[in-house]
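Presented below is the structure to which this report refers.
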Amino acid sequence: FYEFGAMQSYDAVIDVWGTNATLSSRGVKLELTCYDLNSRWTQSESYDVTLLPNQSTELLSIRCPGPSSEGVEPPSGDPIWASSYSVVVNARLIDSDGKILARFADWPQPYRYLAVPDPQLSVEVDGEQVTASVKCPVKGLWFSVEGDGPEVSWSDNSLDVVPDDPQVITAKGLGDRKLRVAYLGKEKATSIHA
């Protein structure tokens, strides 16, 4: 999707597919939100799509949007470049009741060349439910616990979380132990106060 250095991208395309394992077509809403890691630029689009029965369906194929490149020095020095080189694309499929059926975030690669911003992570714990929300996208949010006790069973982990899309996971066996988090850009786990 993205290339850097000698292989700098001149363009990027977003292809979104969905799979329906039932025997009936299903109408859903596809929400696509893009976030630039180097600025406050965002863009959201919504599409009504149909997942065909018992198959994968191509839902969307568009040029990846990006912030305006007017007046910006190209990162590679090449005058022809794609301003989407630092854009995170988040896609969600939502049913008619507002339930999120699927979500996926596509990040620029390779990750080692990213200057990831502080996600301004907020974590709330209510019993065994852990809610994570951010102000900037975060890649690979990993939860662990401090202290001895029974092993914690996580309903999900290594999450990609984007603004305005908090994720709730269950941590069976968490008890009153402190949470630790790590993510891309902060790989050493640290304790958080939730």
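Here the sequence shown stands for residues 24 to 217, where the numbers follow this note's numbering. Note that beta-carbon positions come from the ideal geometry of N, C-alpha and C, so glycine has one too.
Beta-carbon gap between residue i and residue j smaller than 7 Å
| i | j | result |
| --- | --- | --- |
| proline 173 | glycine 208 | no |
| proline 133 | valine 161 | no |
| threonine 56 | asparagine 113 | yes |
| leucine 164 | leucine 182 | yes |
| threonine 80 | leucine 74 | yes |
Top-ranked residue by Cα proximity to residue i, from the options
| i | options | result |
| --- | --- | --- |
| aspartate 59 | Pro189, Leu53, Val139 | Val139 |
| aspartate 34 | Ala114, Arg86, Ser119 | Arg86 |
| aspartate 188 | Gly41, Ser48, Ser67, Ser84 | Ser67 |
| glutamate 147 | Asn61, Val175, Glu210, Leu202 | Leu202 |
Per DSSP, cross-strand counterpart(s) of residue i
| i | result |
| --- | --- |
| glutamine 66 | Cys57 |
| leucine 83 | Val39 |
| glycine 50 | Thr73 |
| lysine 195 | Ser176 |
| tyrosine 206 | Lys209 |
| aspartate 132 | The residue asked about is misnamed: residue 132 is glutamine in this sequence, not aspartate. BP columns for glutamine 132 are empty, so no partner. |
Per-residue DSSP class, three states only, for residue i
| i | result |
| --- | --- |
| serine 145 | strand |
| arginine 126 | strand |
| tyrosine 25 | Because tyrosine 25 carries a pLDDT of 48, less than 50, the predicted location of this residue cannot be relied on, and the following value inherits that uncertainty. Note: tyrosine 25 maps to coil in three-state DSSP. |
| serine 109 | helix |
| arginine 19 | Outside the shown range of the chain, which is 24 to 217, sits residue 19, and nothing can be said about it. |
| arginine 200 | coil |
| alanine 212 | strand |
| valine 139 | coil |
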